[in-house]
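**Q** In our numbering, the protein residues as written are 57 to 566.
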């Protein structure tokens, strides 16, 4: 009992130490001159930001919403593909059941929403709607069609209580919750509008945490490090709009001649005319002995200040400015931005989406026998399966076509196959690979036509011998041999099909 109390006390001390260190660092931010000047207080910056504040700014500030959504949308765009074998024509039972489950449950959309919600706080959770009591582990065996839904909960809808944390230091889940307490605020509530909290076993929950540093359970909200900049942006845009409103409709100076005598009624009539003019009811002033001068005023441009803050926001969020604002800044800069952004999305898929989100879900379904084990040996691939993501295209359609043409011309210049048809279709033209039947048809067509011997087949080399007929003759004597297999189950080696530049790229699939 003493050891247990000591373990609990040590865990509490560690948690308090981490929390206290974070609070100390947060409290020291913005303090200068030995703490005598508090920039946060002077500039109106908040020191403590709640999940509700993050959500409110996300809903009301367009740039904040873009910061929260940009990376998740790019990460999950197009979904993913889970494979346990390399043959595209052999769909295993594992692949089929997973694809059916992902399609039925709308998995990729759920994970996108969970990723966005996680960025509004320190984490989010996805509840698996499976049979059994919520506070009990998932049943084993579990049928995949028994999982009826996946529901997303934000940090504000979840409570992690100290008594529910794993305290056994020898357990691989040490420090992680054994139970989550979730609220039904995102579901249909009772007529009394009361919130109900339910205790849920961890096996029924998928914990999503992005940008975790000193704790695997808590990440960094995406708006936290740029919160002050968003405050500044709202000050400038809001203040600039108000200044324009006040200055665009220039004021009037009514100069009454002191020698002209006005009765009380005439003064009231003049005041009424001025009021109507000021409120846009009339654009005419009838006066006598009155000089009307327009008060000149210049409307200051807020563009330089806004541009400076947007540059800082792009740097703080690692989102290229062109992508953050959706505007083009020139072809070269645009191409570089797209390339850098594609690299970051690829890194996030490899370091976060794959190992921290999709793979834990698949492994849990396999553990509870909802999914059959993969066909491959677990030592061949990570867990016996791999997750493949769609290519991130940072080239437009014209650029892809130009690259594909250049790659095809390499085959013509080299006089041999360097890049095969399906490589071009998959990597550059975004077309599905040719089927075996289409490849055999190409081979038979090429064999019937004979080898192409156009003068453009090989470029002249100044280092060649003076007799230029020899290379041409050599090329004619060594055409690429084509083979057509009659057995439909034979594997076609695309290197024997021929030059890519001689094959049509638009054949229909079988």
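Heads up, the beta-carbon is just placed ideally off N, CA and C, and yes, glycines get one too.
Run through the DSSP bridge pairs and tell me what residue 235 is partnered with.
**A** Paired residue(s): 257.
**Q** If contact is defined by three or more beta carbon pairs under 8 Å, each pair taking one atom from either stretch, is the stretch 280-298 in contact with the stretch 315-331?
**A** No: fewer than three Cβ pairs fall under 8 Å.
**Q** Cutting at 7 Å between CB atoms, please list the residues of its own chain near residue 351, excluding the five before and the five after it.
**A** Closer than 7 Å at the Cβ level, and outside the excluded window around residue 351, lie 306, 307, 308 and 309.
**Q** Around the C-beta of residue 146, are 16 or more other C-beta atoms found within 10 angstroms, so that it is buried, or is it exposed?
**A** Result: exposed.
**Q** Anyone know if the C-beta pair for residue 258 and residue 176 falls short of 8 Å?
**A** Their beta carbons are not under 8 Å apart, which means residue 258 does not touch residue 176 by this criterion.
**Q** CB residue 153 to CB residue 221, shorter than 8 Å?
**A** Result no, Cβ atoms of residue 153 and residue 221 do not sit closer than 8 Å.
**Q** Let me confirm a value: residue 128 is counted as buried when at least 16 other C-beta atoms fall within 10 Å, else exposed. Which label applies?
**A** Burial call: buried.
**Q** Using the rule of at least 16 other Cβ atoms within 10 Å of the residue's Cβ for burial, across every protein chain shown, is residue 227 buried or exposed?
**A** Exposed, because fewer than 16 other Cβ atoms sit within 10 Å of the Cβ of residue 227.
**Q** Do residue 151 and residue 139 come within 8 Å of each other at the CB atom, strictly closer than that value?
**A** In contact: residue 139 and residue 151 (Cβ atoms closer than 8 Å).
**Q** What do you get for residue 230, buried or exposed, if any count of 16 or more other CB atoms within 10 angstroms of its CB means buried?
**A** Residue 230 comes out exposed.
**Q** Whose C-beta lies closer than 7 Å to the C-beta of residue 405 among residues of the same chain, with five residues either side of it excluded?
**A** These residues qualify, in order along the chain: 131 and 445.
**Q** The beta strand (DSSP E) with residue 147 in it runs from where to where?
**A** It is not in any beta strand (DSSP E) - residue 147 carries neither H nor E in the DSSP assignment.
**Q** Which residues mark the beginning and the end of the alpha helix (DSSP H) in which residue 207 is found?
**A** No alpha helix (DSSP H) holds residue 207; the beta strand (DSSP E) holding it covers 206-210.
**Q** Comparing C-alpha positions only, which one of 144, 111, 104 and 472 sits nearest to residue 212?
**A** Nearest C-alpha to residue 212: 111.
**Q** Quick check on the burial criterion: 16 or more other C-beta atoms within 10 angstroms. Buried or exposed for residue 355?
**A** By the 10 Å Cβ count, residue 355 comes out exposed.
**Q** For residue 330, report the span of its alpha helix (DSSP H) as first-last.
**A** Residue 330 -> alpha helix (DSSP H) spans 320-334.
**Q** Using a threshold of 8 Å, state whether the C-beta atoms of residue 190 and residue 260 are closer than that.
**A** In contact: residue 190 and residue 260 (Cβ atoms closer than 8 Å).
**Q** Let me make sure I understand the geometry here. Which of 443, 416, 253 and 463 has the alpha-carbon closest to that of residue 155?
**A** Comparing Cα-Cα distances from residue 155 to each of 443, 416, 253 and 463, the minimum goes to 443.
**Q** Provide the residue span of the alpha helix (DSSP H) that contains residue 368, from first to last.
**A** Here the alpha helix (DSSP H) through residue 368 covers 359-373.
**Q** Need the endpoints of the beta strand (DSSP E) that residue 141 sits in, please.
**A** Segment: none, residue 141 is in no beta strand (DSSP E) and carries neither H nor E.
**Q** CB residue 206 to CB residue 184, shorter than 8 Å?
**A** Contact: yes.
**Q** Helix, strand or coil, according to DSSP, for residue 395 in the structure here?
**A** Correct three-state label for residue 395: helix.
**Q** Specify, as a first and last residue, the run of the beta strand (DSSP E) that residue 349 falls within.
**A** Run containing residue 349: 346-350, per the beta strand (DSSP E) assignment.
**Q** Who are the Cβ neighbours of residue 120 in its own chain at under 8 Å, not counting the five residues just before and after it?
**A** Once the five neighbours on either side are set aside, the close Cβ partners of residue 120 are 113, 114, 279 and 286.
**Q** Here's the rule: buried if 16 or more other CB atoms are within 10 angstroms of the residue's CB, otherwise exposed. What is residue 225?
**A** That one is exposed.
**Q** Would you mind sorting residue 337 into buried or exposed? The rule is 16 or more other CB atoms within 10 Å of its CB.
**A** Exposed, since its Cβ has fewer than 16 Cβ neighbours within 10 Å.
**Q** Pull up the distance between the alpha-carbon of residue 361 and that of residue 284, whole angstroms please.
**A** If you take the alpha carbons of residue 361 and residue 284, they lie about 15 Å apart.
**Q** Does residue 421 pass the burial test, meaning 16 or more other C-beta atoms within 10 Å, or should it be called exposed?
**A** Answer is buried; the Cβ neighbour count reaches 16.
**Q** Spatial neighbours of residue 274 within its chain, please: CB distance less than 7 Å, with the 5 preceding and 5 following residues excluded, ordered by chain position.
**A** Cβ neighbours of residue 274 beyond the five flanking positions: 178, 179, 265 and 268.
**Q** Could one say the Cβ of residue 346 lies closer than 8 Å to chain B's Cβ atoms, at least one of them?
**A** Absence of chain B from the displayed structure is noted, only one protein chain being present.
**Q** Using only alpha-carbon positions, find the residue among 234, 252, 339 and 428 that is nearest to residue 216.
**A** That would be 234, whose Cα lies nearest to the Cα of residue 216.
**Q** Whole-angstrom Cβ separation of residue 122 and residue 380, contact assumed at under 8 Å?
**A** About 6 Å; that satisfies the 8 Å criterion.
**Q** Name the two residues that bound the continuous beta strand (DSSP E) containing residue 183.
**A** Segment 180-184, the beta strand (DSSP E) holding residue 183.
**Q** For the alpha helix (DSSP H) that residue 173 lies in, which residues bound it at each end?
**A** Per DSSP, residue 173 belongs to the alpha helix (DSSP H) from 163-175.
**Q** In whole angstroms, what is the alpha-carbon distance linking residue 304 and residue 313?
**A** Going from the Cα of residue 304 to the Cα of residue 313 covers about 28 Å.
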